[in-house]
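In my numbering, each residue's number is its place in the sequence shown (first place is 1) plus 47. Ideal Cβ placement from N, Cα and C applies to all residues, glycine included. Here the structure is laid out as structure tokens; the discussion comes afterwards.
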Amino acid sequence: MSTFQKLQLFSLTTVAAFLVAPLQAADPLPSWNDGTTKQSIVDFVNKVTEEGSGDFVPVAERIAVFDNDGTLWSENPLPFQVIFAAAEIKRLLPEHPEWNDNAAVQAFIKSDVAALTANHNKGLLEVLALTHAGMSTDAYDQRVKDWLATAEHPRWKKPYSQCVYQPMIELLEYLRANDFQTWIVSGGGLSFMRVLSEQTYGIPPQQVIGSHGQATFEMKDGVPTLTKTLETVFVDDKAGKPAGIYQFIGRRPIAAFGNSDGDQAMLEYTTIDNPRPSFGMIIHHTDAEREYAYDAKPKSSGKLITALEAAPTHGWTVVDMKKDWETVLAE
């Protein structure tokens with residue numbers, strides 16, 4: 048081979064390597080800082096998707112479940128659905144003078160968090176139900192859409208649907224690129240989350256599990272109509288999360304992501320004595336400058352004590368938001 052031919056071959060090889068290198072080096076999680084936390088995610092995904100390995104998990108069983116408030120988007124200064132409910136209470140109160148004698152409504156107006164959250168959030172769930180009882184599901188969905196289109200977060204001055212965590216959006220996309228089903232399993236209202244889940248997270252409404260009430264069906268003026276009622280059917284929090292997963296998914300997840308003690312049962316169900324390789328992750332809110340810092344004493348929701356203590360025992364990865372996230376909110 049002549050010197051000229053060797054140079055040509057070298058040039059072609061170099062160009063090919065240059066073109067391929069960006070594809071090989073593409074980072075699926077660019078908003079995550081390099082370190083053990085990010086690496087634990089990548090290692091798990093590689094492990095369960097490598098055909099022929101003992102840890103390979105078939106596509107049908109690659110199910111990942113996510114809490115919503117405080118895990119996928121912020122939950123401060125209050126969970127966003129609560130802020131929506133406050134707007135609805137204010138709008139509807141003149142039409143419902145009987146609410147002046149309702150203990151839950153009065154606790155809500157007075158911001159009595161203790162009263163609202165007692166007995167598994169009974170008071171809060173009652174207030175949420177009052178704001179839409181008797182409303183058709185279509186009308187409720189439109190109310191949520193209208194509110195999301197106009198309301199802004201008081202601190203960040205942006206729509207609530209944009210107050211999502213960019214690292215978690217990347218994680219959802221990374222998992223789906225590796226043939227995972229991504230589900231929301233949250234204590235928030237089922238109907239509220241379904242309105243925004245697909246556009247915000249890429250999660251279709253049928254893959255959302257949340258707290259919900261009874262709905263009734265009737266033909267109204269020849270139109271099939273579902274109407275929301277006051278009756279609470281299912282509270283998707285704490286031990287309710289594994290129950291909801293069993294009832295609505297029908298398979299045990301292999302990955303679970305949460306941020307509070309309310310997610311502990313879901314993490315336990317996913318990772319303890321699972322016949323498949325499994326992964327658990329807790330988002331620890333440590334960044335007061337870019338978001339909010341809280342754990343044992345949150346301002347509203349998201350108490351994190353026992354799940355954080357249990358993490359080392361069960362091998363759950365704990366995200367230090369301040370250290371592990373290059374970016375917090377999506378642009």
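Taking C-beta separations shorter than 6 angstroms and ignoring five residues to either side along the sequence, the partners of Gly-170 in its chain run Ala-151, Ala-154, Ala-162, Leu-163, following chain order. As for any alpha helix (DSSP H) of minimum length 4 sitting wholly inside the region 105-186, the runs are 127-139, 150-156, 160-177, ordered along the chain.
Residues Pro-75, Leu-76, Ile-88, Val-92 of the same chain have their beta carbon placed closer than 8 angstroms to that of Tyr-221, with the five preceding and five following residues left out of the count. In the three-state reduction of the DSSP assignment, Thr-229 falls in the strand class.
Between the region 305-312 and the region 274-288, the count of Cβ pairs shorter than 8 angstroms is three or higher; the stretches touch. Inclusion of Ile-296 and Ile-110 in the CB contact set at 8 angstroms is warranted, their separation being smaller than that value. DSSP places Ala-343 in the coil class of the three-state scheme, outside both helix and strand. Rounded to the nearest whole angstrom, the C-alpha separation of Phe-131 and Asp-320 is 40 angstroms. Of Met-368, Phe-304, Ser-258, Pro-141, the smallest CA-CA separation from Phe-113 is found for Phe-304.
For Ala-354, no beta strand (DSSP E) run applies; the uninterrupted alpha helix (DSSP H) run containing it begins and ends at 353-361, by DSSP.
Ranked by how close their Cα comes to the Cα of Arg-138, the residues His-179, Ser-100, His-167 have His-179 in first place. In this structure, Gly-249 sits away from Ala-176, with a CB-CB distance that is not shorter than 8 angstroms. At a Cβ-Cβ threshold of 8 angstroms, Arg-337 and Ile-301 do not count as neighbours.
The shortest C-alpha to C-alpha distance from Arg-298 to any of Trp-372, Tyr-316, Asp-284 is the one to Tyr-316.
Ile-256 has Val-232 as its beta-bridge partners, per DSSP. Assignment of Asp-283 by DSSP, reduced to helix, strand and coil, places it in the coil class. Less than 8 angstroms separates the beta-carbon of Ser-258 from that of Leu-237. In the DSSP assignment, Thr-84 falls within the unbroken alpha helix (DSSP H) covering 83-96.
Counting only the Cα atoms, Val-211 lies some 14 angstroms from Arg-202. Asp-74 sits in coil when the DSSP states are folded into three classes, being neither helix nor strand. The C-beta distance from Lys-370 to Asn-80 rounds to 7 angstroms, short enough to fall under 8 angstroms. Rounded to the nearest angstrom, the Cβ distance from Glu-265 to Thr-276 is 12 angstroms, too far for a contact under 8 angstroms. Under a 10 Å Cβ-count criterion, Thr-353 is classified as exposed, with fewer than 16 other Cβ atoms of the shown protein chains found around its own Cβ. Take the alpha-carbon of Pro-345 and the one of Ala-134: they are about 23 angstroms apart. Judged by beta-carbon spacing, Pro-214 lies beyond the 8 angstroms limit of Trp-363, meaning their Cβ atoms are not closer than that value.
Here Val-375 carries a coil assignment [DSSP, helix/strand/coil].
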